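To start, the structure itself, in structure tokens.
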Ligand code: HEM
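Residue numbers (the working numbering): -19 to 359.
In structure tokens, the structure reads:
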């Protein structure tokens, strides 16, 4: 019988291995059941992120002016309730300053979009909690795994609260949400997604014995790329949150300048990183170049890799990175057209997913210490 829950590995490998070397699922249970459930959760989180992007890009996010985690599941059901909801919305700055000509029908349209985003969040919570209880009762989960999953659930609850905290920031005076809170909300969603994906792929590659070359150089390179992509996530959050994509729409230079005059126009200096739209865009585009540059350098390692799976994964990461870069440029020059901006957001999740999957498979390759076989499954 295949052993998926514990393995011997050479002691001279990377220290990260020792911390993951423990059973997460009880030995008599099939880890694939849990892995598939976690993959479904990833897909649902991804949908919630995409709907969130759509909500932001259609300026619908401030249409629901209160938050009731349980009773808020029900939308207005009668015309009277709709009118009451609309009148409530009219008390807030978004209606008073930018949407004063909005009809009830127009209000319903933006309300349904924000409602869909909130329902998506609740569905993720439900799809997480119920199977978690089931797996717990059926004795699938070890204590280590249960603790990890409880942490994920708590992070999800924090994410819901953070969403409301963000919306509230757009309900006083200026009807636009704080870029700091928007970035925190987006980043936490991506963090939860990444961790659930990591856990799920760990179970799958443990069971199916999938792995890539366990090269330390590749491990370091992919880890570095993930760090850069996380910087892009935060930078992208500030791009969206400050609408920096609407300010300068030329590429590769910025309105004829390679280094814009206004780059450090704010004081203190650090404020430019988060509040100066020119600096925010400048950083985003140049870190994007760094991401593609580092991935290209890494891609050349494909020629020294033993496993065909490693080569294919490097090819995938390279192609997704180029597409993501191109989508970023398209988003910019199109002045943030909805479909292009949504594709750019999705491309980011794909790039990050490819890198996380790769890193997880490299870790398994290192743990197995079988860098010189060219089989993907079975060993
Ligand atoms: C590897 C490369 C890139 C990555 C990983 C990346 C990542 C991101 C992320 C995570 C966001 C936030 C999405 C959201 O809030 O929904 C974003 C937004 C944005 N990015 Fe990129 N990006 C990349 C390259 C570029 C490039 C090269 C450009 C243009 C020169 C660009 C232009 C933009 C613009 C204009 C936005 C704001 C879109 C909006 O307001 O919805 N990106 N990016």
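Beta carbons are placed, not taken as given, at the ideal position from N, Cα and C, and that holds for glycine. What you are looking at is a predicted structure, and each value in this text was computed from that prediction instead of being measured.
Check	Outcome
If the criterion is Cβ atoms closer than 8 Å, does the pair residue 210 and residue 26 meet it?	no
Does the Cβ of residue 236 lie closer than 7 Å to at least one heavy atom of the ligand HEM?	no
Out of curiosity, what's the CA-to-CA distance linking residue 232 and residue 226?	15 Å
Look at the alpha carbon of residue 145 and the alpha carbon of residue 30, and state the distance between them as a whole number of angstroms.	20 Å
Find out if the Cβ-Cβ distance for the pair residue 142, residue 109 is shorter than 8 Å.	no
Kindly give me the distance between the Cβ atoms of residue 338 and residue 297, rounded to whole angstroms, as I take these residues to be in contact under 8 Å.	6 Å
Quick check: what's the CA-CA separation for residue 174 versus residue 60?	43 Å
Regarding residue 346 and the ligand HEM, is the C-beta to nearest heavy atom distance less than 7 Å?	no
Would a C-beta distance cut-off of 8 Å place residue 34 and residue 123 closer than the cut-off?	no
Of the residues 69, 49, 78, 97, which one's Cα is nearest the Cα of residue 84?	69
Kindly indicate which three-state DSSP category residue 341 falls into: helix, strand or coil?	helix
Compute the minimum distance between the beta carbon of residue 243 and the heavy atoms of the ligand HEM, and state whether it is under 7 Å.	no
Measuring alpha carbon to alpha carbon, tell me which of 106, 22, 78, 277 ends up nearest residue 171.	22
Is it buried or exposed, residue 165, if we count other Cβ atoms within 10 angstroms and call 16 or more buried?	buried
In three-state DSSP terms, what is residue 151?	coil
Which two residues bound the contiguous alpha helix (DSSP H) that contains residue 230?	Taken as a continuous stretch (DSSP letters only), residue 230 belongs to no alpha helix (DSSP H), as it is neither H nor E.
Looking only at its chain, what residues have a beta carbon closer than 8 Å to the beta carbon of residue 105, apart from the 5 residues adjacent to it on each side?	133, 136, 137, 140
Report the three-state DSSP secondary structure of residue 188 (helix, strand or coil).	helix
Considering only heavy atoms of the ligand HEM, does any lie closer than 7 Å to the CB of residue 48?	no
To the nearest angstrom, report how far apart residue 187 and residue 7 are at their CA atoms.	11 Å
Does the stretch 262 to 277 come within contact of the stretch 301 to 321, defined as at least 3 CB pairs closer than 8 Å?	yes
CB-CB under 7 Å to residue 178, same chain, minus the five flanking residues each way: which ones, in chain order?	336, 340
Run through DSSP, which three-state label would residue 57 get?	coil
Quick one: does the C-beta of residue 311 sit closer than 7 Å to a heavy atom of the ligand HEM?	yes
Whether or not the stretch 191 to 210 and the stretch 280 to 288 are in contact is what I'm after, with contact meaning three or more pairs of Cβ atoms, one per stretch, closer than 8 Å; do they touch?	yes
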